[in-house]
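Participant: Sharing a structure here in structure tokens format.
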Amino acid sequence: MTVRVRIAPSPTGNLHIGTARTAVFNWLFARHHGGKFILRIEDTDQERSRPEYTENILTGLRWLGLDWDEGPFFQTQRLQLYKDGVQKLLDRGLAYRCYTMPEELDALRESQKARNEAPRYDNRHRNLTPEQQAAFQAEGRSFVIRFKIDDSREIVWKDLVRGNMVWRGSDLGGDMVIARATETGIGQPLYNFAVVIDDMDMQITHVIRGEDHIANTAKQILLYEAFEGNVPKFSHTPLILNMKGRKLSKRDGVTSIFDFQKMGFTAEALANYMSLLGWSPVDSTQEIFTLTDAAKQFSFERVNKAGAKFDWAKLDWLNSQYIHSQPVDQLTDFLVPLWSDAGYNFDSGRERPWLEKLVALIAPSLTRLTDAVAMSQLFFTDGVEFSEEATTQLKQEGVSSALERILTALESDADDFNPQGIIKQVVKEQGIKKGLIMRSLRAGLTGEMHGPDLMESWQILHDISLDKTRLKAAIALAS
Ligand code: GLU
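For the sequence shown, our numbering gives the first residue as 271, with consecutive numbering after it.
Structure (structure tokens):
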């Protein structure tokens, strides 16, 4: 048997972290078994579905490296298949037209509520005679198609994550709506119905999705049985929770996968992190791996039932590891657009080799790619603002004359930049401590007392002739 799994997002919003994590698990499972990963866009809700959300979902999956083997299939292009399916159930007497009006359903719900009962449809139109149907039709009532659910049924499946699952037919809310109607006949199918038709048609062997779909699974199994189809294996993955233990939501500041991209996370780190949301490798100390590595050992035996807490600190840590191991030229490709967006100019010698030098300098200090913007600002602006600490440093005794001496040396040995030599000479000539010079140079060149390697920073500023400009400003402040 070839494993066939699918991710079936509804394009009613951007690619969400929950859907993306489900996609990761499907992808890992498919790749582990050498099977197929299928993409299906569940766009039957025409009011809420938007092409731009579909685009966002496809781009997001590609960005994460979750390549699919078949699709994307669009449910809106498959309506005939669903209509045929509905007709089949009607013909076999397993489904029927229900003419109950919304007001009647409301009244039913109210009376159930008053009796402290769970709301459910009371199957009142299950056995209408043709005459009764004709009468409702003549009244001009619209109808829906309901699938008969046997209350006395027990629905059992062995979930790959949660083990034995048992649902009672009586807990499914009465006969379920599987399609709406139009004036001319069967119309829009509902989610649970279209999913089963598609999963049968696409020969899906394993349905891997979030645990919020468990109740749907019970209903869907009854539909498989009605069609005498092969029931796939089910695997309900744990929800992603915030640090407070509640379902991760918009309030936690993340909606789409691209929010993470905007925050400066790399696709590899995010995909790696998502694979750890509920799953752990055999060697649980191993935390950094590509999706391909994870696929080699992925199995549902190592997926937790409990919700997976989203841990920003861990994602940050993973991201920093990926950034630090990134080759400089690739990291430069990532950072150039961020610098452009920040309005930084690439003129006055800020060409590729120089940019790569800058990237090599700041890379070890980056946690998120976006950190590079603030961290490298001083290399993209001529002037620099001196912090309070830097100002105090520059005003110390002897600093101004030492910096002046350095400036003179820079101006006279324009072609032969030898910073170590210059410092040595100033120490010797002015009897000033090397530490004081170094701290003052940092203050003067960068405006701050802390930052990346000083000598390399100086070299990078020197390459675009900014060191002299900075020293002049520092001397003016110091004297
Ligand atoms: N369209 C459903 C969703 O986005 C798919 C659920 C399923 O995998 O069956 O939640």
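For glycine and all other residues, C-beta sits at the position ideal for the given N, C-alpha and C.
Please tell me whether Trp333 and Ile277 are closer than 9 Å, where the distance is taken between their beta carbons.
Facilitator: Not in contact: Trp333 and Ile277 (Cβ atoms no closer than 9 Å).
Participant: Could you work out which residue in Ser727, Arg709, Ser280, Ser682 is closest to Asn326 when comparing CA atoms only?
Facilitator: The shortest C-alpha separation from Asn326 is found at Ser280.
Participant: Could you tell me whether the region 662–678 touches the region 628–646, using the rule of 3 or more Cβ pairs below 8 Å?
Facilitator: Not touching, per the Cβ criterion.
Participant: So His302 is in the alpha helix (DSSP H); what residue range does that whole segment cover?
Facilitator: First-last of the alpha helix (DSSP H) with His302: 287–302.
Participant: As a quick exercise: from Ile491, Ile415, Gly439, Asp429, pick the residue whose alpha carbon is nearest that of Leu460.
Facilitator: The shortest C-alpha separation from Leu460 is found at Ile415.
Participant: Excluding five sequence neighbours on each side, which residues of the same chain lie with their C-beta closer than 6 Å to the C-beta of His302?
Facilitator: Counting only Cβ-Cβ distances below 6 Å, and skipping sequence neighbours, we find Ala565, Phe568.
Participant: Any chance the CB of Ile277 is under 8 Å from a heavy atom of the ligand GLU?
Facilitator: Yes.
Participant: When we look at the beta-carbon of Glu374 and count the other beta-carbons within 10 Å, is it buried (16 or more) or exposed?
Facilitator: Result: exposed.
Participant: What ranges does the alpha helix (DSSP H) occupy inside the region 591–648, keeping only unbroken runs of at least 4 residues that lie completely in it?
Facilitator: Entirely contained in the region 591–648, the alpha helix (DSSP H) runs reaching 4 residues are, in chain order, 598–611, 622–632, 641–645.
Participant: In whole angstroms, what separates the C-alpha of Leu540 from that of Phe307?
Facilitator: Cα to Cα, the separation comes out at about 20 Å.
Participant: Using alpha carbons as the reference points, say which of Gly534, Ile730, Glu312 lies closest to Val466.
Facilitator: Ranking Gly534, Ile730, Glu312 by Cα distance to Val466 puts Glu312 first.
Participant: Looking at the unbroken alpha helix (DSSP H) that takes in Ile467, where does it start and where does it end?
Facilitator: Run containing Ile467: 461–471, per the alpha helix (DSSP H) assignment.
Participant: Within the present structure, is the beta-carbon of Gly480 separated from the nearest heavy atom of the ligand GLU by less than 8 Å?
Facilitator: Yes, the Cβ of Gly480 comes within 8 Å of a heavy atom of the ligand GLU.
Participant: Quick check: is any heavy atom of the ligand GLU less than 8 Å from the C-beta of Asn326?
Facilitator: No, since every heavy atom of the ligand GLU falls outside the 8 Å radius drawn around the Cβ of Asn326.
Participant: Determine the direct distance from the alpha carbon of Leu731 to that of Gly758, and round the result to whole angstroms.
Facilitator: Residue coverage of the chain in this structure runs from 271 to 749, which leaves residue 758 outside it and unanswerable.
Participant: Kindly examine the ligand GLU and report whether one of its heavy atoms sits closer than 8 Å to the Cβ of Thr289.
Facilitator: Thr289 Cβ: within cutoff of the ligand GLU.
Participant: Starting from Asn434, follow its DSSP beta bridges and name the residues at the other end.
Facilitator: The partner list for Asn434 (beta bridge, DSSP) reads Lys428.
Participant: According to DSSP, simplified to helix, strand and coil, what is Val447?
Facilitator: Here Val447 sits in strand by DSSP.
Participant: In terms of residues, what are the limits of the beta strand (DSSP E) holding Val414?
Facilitator: Its beta strand (DSSP E) spans residues 414–417.
Participant: Look at the alpha carbon of Leu430 and the alpha carbon of Trp609, and state the distance between them as a whole number of angstroms.
Facilitator: Looking at the two C-alpha atoms, the distance is approximately 46 Å.
Participant: Does the pairing of the region 649–661 with the region 671–680 give three or more beta-carbon distances under 8 Å?
Facilitator: Verdict: no, contact absent.
Participant: Excluding sequence positions up to five away, which residues of its chain have a Cβ less than 6 Å from the Cβ of Met645?
Facilitator: Taken in chain order, the residues that qualify are Ile632.
Participant: Exposed or buried, which one is Gly534 when buried takes at least 16 other CB atoms within 10 Å?
Facilitator: So Gly534 ends up on the buried side.
Participant: Use the C-beta contact count for Gln600: other C-beta atoms within 10 angstroms, 16 or more gives buried, fewer gives exposed.
Facilitator: That one is exposed.
Participant: Report the residue from Phe530, Leu546, Ile474 whose alpha carbon sits nearest the alpha carbon of Thr507.
Facilitator: Closest option to Thr507, Cα to Cα, is Leu546.
Participant: If we call anything under 9 Å between Cβ atoms a contact, is Val275 one with His476?
Facilitator: Yes, the pair counts as a contact, with Cβ atoms nearer than the cut-off.
Participant: Please report the distance separating the alpha-carbon of Asn688 from that of Pro597.
Facilitator: Straight-line Cα distance between these residues: approximately 28 Å.
Participant: State the start and end residues of the unbroken alpha helix (DSSP H) segment that holds Ile277.
Facilitator: Not the alpha helix (DSSP H): Ile277 falls in the beta strand (DSSP E), residues 274–277.
Participant: Just to check my reading of the structure: Asn296 and Ser526 have Cβ atoms closer than 8 Å, yes? What is that Cβ distance to the nearest angstrom?
Facilitator: The Cβ separation is near 19 Å, so there is no contact.
Participant: Give, in chain order, every unbroken run of the alpha helix (DSSP H) that is at least 4 residues long and sits entirely within the region 512–544.
Facilitator: As far as the region 512–544 is concerned, its whole alpha helix (DSSP H) runs of at least 4 residues are 527–532.
Participant: Heavy atom of the ligand GLU less than 8 Å from the Cβ of Val477, yes or no?
Facilitator: Correct: Val477 has its Cβ closer than 8 Å to the ligand GLU.
Participant: With a threshold of 8 Å, establish whether the CB of Asn589 neighbours any heavy atom of the ligand GLU.
Facilitator: No, the Cβ of Asn589 stays beyond 8 Å of every heavy atom of the ligand GLU.
Participant: For Arg320, does the three-state DSSP call read helix, strand or coil?
Facilitator: In this structure, Arg320 counts as coil in the three-state DSSP scheme.
Participant: Pull up the distance between the alpha-carbon of Arg320 and that of Thr314, whole angstroms please.
Facilitator: Approximately 11 Å between the Cα atoms of the pair.
Participant: Examine the ligand GLU and report whether any of its heavy atoms sits within less than 8 Å of the Cβ of Thr507.
Facilitator: Checking every heavy atom of the ligand GLU against the Cβ of Thr507, none is found closer than 8 Å.
Participant: If you draw a straight line from the alpha carbon of Leu331 to that of Val697, how long is it in whole angstroms?
Facilitator: Distance between the alpha carbons of Leu331 and Val697: 58 Å.
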